[in-house]
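A.B. asks:
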Amino acid sequence: MNTTPKIKITILMPALNEGKTIIKTINDCYKHTQYDVDVLVVTDSKIKKDTLEAAKTTKARIIDIGKGKGKGYAVRKAIPFLKNDIIVQLDADYQFLPTDLPKMIQPLLQGYDVTLGTRYQRGSHIAKDSVSLLRLFGSYGLSAVTSIFAKQRITDVMAGYKGFNKGVLKKLNPKTDHFGYEAELVLKAEYYRMKIINVPISYRKRKEGRTSVSSIRDGLLVLRTIIGVGKYNFWKA
397 MNTTPKIKIT ILMPALNEGK TIIKTINDCY KHTQYDVDVL VVTDSKIKKD TLEAAKTTKA
457 RIIDIGKGKG KGYAVRKAIP FLKNDIIVQL DADYQFLPTD LPKMIQPLLQ GYDVTLGTRY
517 QRGSHIAKDS VSLLRLFGSY GLSAVTSIFA KQRITDVMAG YKGFNKGVLK KLNPKTDHFG
577 YEAELVLKAE YYRMKIINVP ISYRKRKEGR TSVSSIRDGL LVLRTIIGVG KYNFWKA
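This is the structure:
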């Protein structure tokens, strides 16, 4: 009989307009019985209530921030509730797949501090028409600029699939309320000389709900964050 304790995993799931997909996303996370899985949903009922109501039908823990301040704000408010060995941030829209969780977790068990899910390098699989041409070029551009400031190749900085070893996310302590926090996490990890690895994953076409991301508006906000945070990486010894 195997009595080895299971690794405790918290899936941090920021969710806004995902009432039609969040139940499947949550339930598929719990199918990974090789881990002790805890799903923590962070939602904002001030903007949308259907996601909150759907999440309540599962066994996930739920935080309703109710402030309308953005995804980065939601993640920051969840940090005090993250106590397990490994944290994986996973979007609730079922475009990033829970089946890839072991890929995100394994490098953390081997000594990496941060795993970055990527749709855009060898070994990844991206469904046809799942990313518009404008968003594709925007993602490439933001990842390229991040790579310069991070002093290493970052292939998909905006992917909503990231893993962190125990205590890492708390140390990174993101301050950005909007989507730019994704890049802030990567750049701060480099600043603290953490071990980062890109992990090829799968990405499917969105079939339910709608994204709240504006390619141009949010892209400019993210770029400003990259420059603002990344400049400190050049000043460190």
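In our numbering, the protein residues as written are 397 to 633.
C-beta atoms are modelled at their ideal positions from N, C-alpha and C, and glycine is treated no differently.
Being a predicted model, the structure only gives us computed values, none of them experimental.
Is it the case that the Cβ atoms of T400 and N480 are separated by a distance below 8 angstroms?
C.D. replies: Sequence index remark: in the sequence shown, residue 400 carries index 4 (1-based). Sequence index remark: in the sequence shown, residue 480 carries index 84 (1-based). In this structure, N480 does not lie closer than 8 angstroms to T400 by Cβ.
A.B. asks: Just confirm the distance between the C-beta atoms of S520 and S598, as a whole number of angstroms; I'd bet it's less than 8 angstroms.
C.D. replies: As a first step, residue 520 must be located in the sequence shown, where it is residue number 124. As a first step, residue 598 must be located in the sequence shown, where it is residue number 202. Rounded, the Cβ-Cβ distance is 7 angstroms, consistent with contact.
A.B. asks: Among residues of its own chain, excluding the 5 on either side of A474, which ones have a beta-carbon nearer than 7 angstroms to its beta-carbon?
C.D. replies: Translated into positions along the sequence shown, residue 474 becomes position 78. Same-chain partners within the cutoff: L408, L436, V438, I459.
A.B. asks: Among residues of its own chain, excluding the 5 on either side of A450, which ones have a beta-carbon nearer than 7 angstroms to its beta-carbon?
C.D. replies: Taking the sequence shown and counting its residues from 1, the one referred to as residue 450 is at position 54. Correct list, in chain order: G415, I418, I419.
A.B. asks: Say whether the region 543-555 touches the region 504-517, bearing in mind that this needs 3 or more beta-carbon pairs closer than 8 angstroms, one atom from each stretch.
C.D. replies: Yes, they touch.
A.B. asks: If you draw a straight line from the alpha carbon of Q506 to that of I403, how long is it in whole angstroms?
C.D. replies: What you label residue 506 is simply residue 110 of the sequence shown in a count that begins at 1. What you label residue 403 is simply residue 7 of the sequence shown in a count that begins at 1. If I take the Cα positions, the gap works out to 13 angstroms.
A.B. asks: What's the call for D525, buried or exposed, on a 16-neighbour Cβ count within 10 Å?
C.D. replies: What you label residue 525 is simply residue 129 of the sequence shown in a count that begins at 1. It counts as exposed.
A.B. asks: Which of helix, strand or coil does DSSP assign to D432?
C.D. replies: As a first step, residue 432 must be located in the sequence shown, where it is residue number 36. DSSP places D432 in strand when its eight states are reduced to three.
A.B. asks: Below 8 angstroms on the Cβ atoms is my guess for Y628 versus Y588; work out the distance and round it to an integer in Å.
C.D. replies: Mapped onto the sequence shown, residue 628 falls at position 232. Mapped onto the sequence shown, residue 588 falls at position 192. Not quite, the Cβ-Cβ distance comes to about 11 angstroms (not below 8 angstroms), so this is no contact.
A.B. asks: Helix, strand or coil: which one does DSSP assign to R457?
C.D. replies: Looking up residue 457 in the sequence shown gives position 61. Looking at R457 - three-state DSSP - the assignment turns out to be strand.
A.B. asks: Does any heavy atom of the ligand HEM sit closer than 7 angstroms to the C-beta of K452?
C.D. replies: Although the ligand HEM was asked about, the structure shown includes no ligands whatsoever.
A.B. asks: Over the uninterrupted beta strand (DSSP E) stretch that includes K562, give me the two end residues.
C.D. replies: Here residue 562 is taken as the residue at index 166 of the sequence shown, counted from 1. Taken as a continuous stretch (DSSP letters only), K562 belongs to no beta strand (DSSP E), as it is neither H nor E.
A.B. asks: How far does the alpha helix (DSSP H) with A470 in it reach, from first residue to last?
C.D. replies: Within the sequence shown, the letter at position 74 stands for residue 470. Taken as a continuous stretch (DSSP letters only), the alpha helix (DSSP H) holding A470 covers 467-474.
A.B. asks: Which partner residues does T439 have in the DSSP bridge list?
C.D. replies: Translated into positions along the sequence shown, residue 439 becomes position 43. Note: T439 sits in a beta bridge opposite A411, D460.
A.B. asks: Apply the 10 Å Cβ neighbour rule to N413 and answer buried if 16 or more other Cβ atoms are within range, or exposed otherwise.
C.D. replies: Numbered from 1 along the sequence shown, position 17 holds the residue referred to as residue 413. Its Cβ being crowded by 16 or more others within 10 Å, N413 is buried.
A.B. asks: How long is the line joining the alpha carbons of I641 and S539, rounded to whole angstroms?
C.D. replies: As displayed, the chain neither begins before 397 nor continues past 633, which places residue 641 out of reach and without an answer.
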